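Participant: Structure incoming, see below.
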Amino acid sequence: MVRITVLYPAGEGKKFDHDYFVRKHLALVRERLGKFGLVRTEADKGVAGGAPGAPAPYVAVAHVYFNRVADFQKGMGEHGKEIMGDIPNYTNIQPQVQISEIIG
279 MVRITVLYPA
289 GEGKKFDHDY
299 FVRKHLALVR
309 ERLGKFGLVR
319 TEADKGVAGG
329 APGAPAPYVA
339 VAHVYFNRVA
349 DFQKGMGEHG
359 KEIMGDIPNY
369 TNIQPQVQIS
379 EIIG
């Protein structure tokens, strides 16, 4: 199984609408990528860093799970423009993406 992690770094002047992200954007992702083998989605809201009193390094982190990288890539090939085009509706942050194989 693979996990696509989308990270939204925190910082001055950065905005993020968590309600829109959870209710609309992730719903769009599930609707468009479901037929390509999407297993599940998760959304995290950053609340703190590792040290006491430290701010969260990320405003939000999303996780999207597929059985194979190729399934994710096929879905994004078909619907990526629409999914990525929705980003300005909830944030002004350029997301960082990592694809990982779950090994444990």
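The sequence shown: position 57 = 335 (the numbering used here), numbered continuously.
Backbone N, C-alpha and C define an ideal beta-carbon position, used for all residues, glycine too.
All of these numbers come straight from a predicted model, not from anything done at the bench.
1) May I ask you to report which of helix, strand or coil DSSP gives Arg308?
2) How is Asp349 classed by DSSP in three states: helix, strand or coil?
3) Please report the distance separating the alpha-carbon of Ala332 from that of Gly382.
4) Identify every residue that forms a DSSP beta bridge with Lys313.
5) Taking 8 angstroms as the limit between beta carbons, can you name the residues of its chain near Lys323, skipping five residues before and five after?
6) Is the region 358-366 in contact with the region 283-292, if contact means three or more CB pairs nearer than 8 angstroms?
Facilitator: The short version:
1) helix
2) helix
3) 29 angstroms
4) In the DSSP output, where bridge partners are listed per residue, Lys313 has none listed.
5) His296, Val337 and Ala338
6) no
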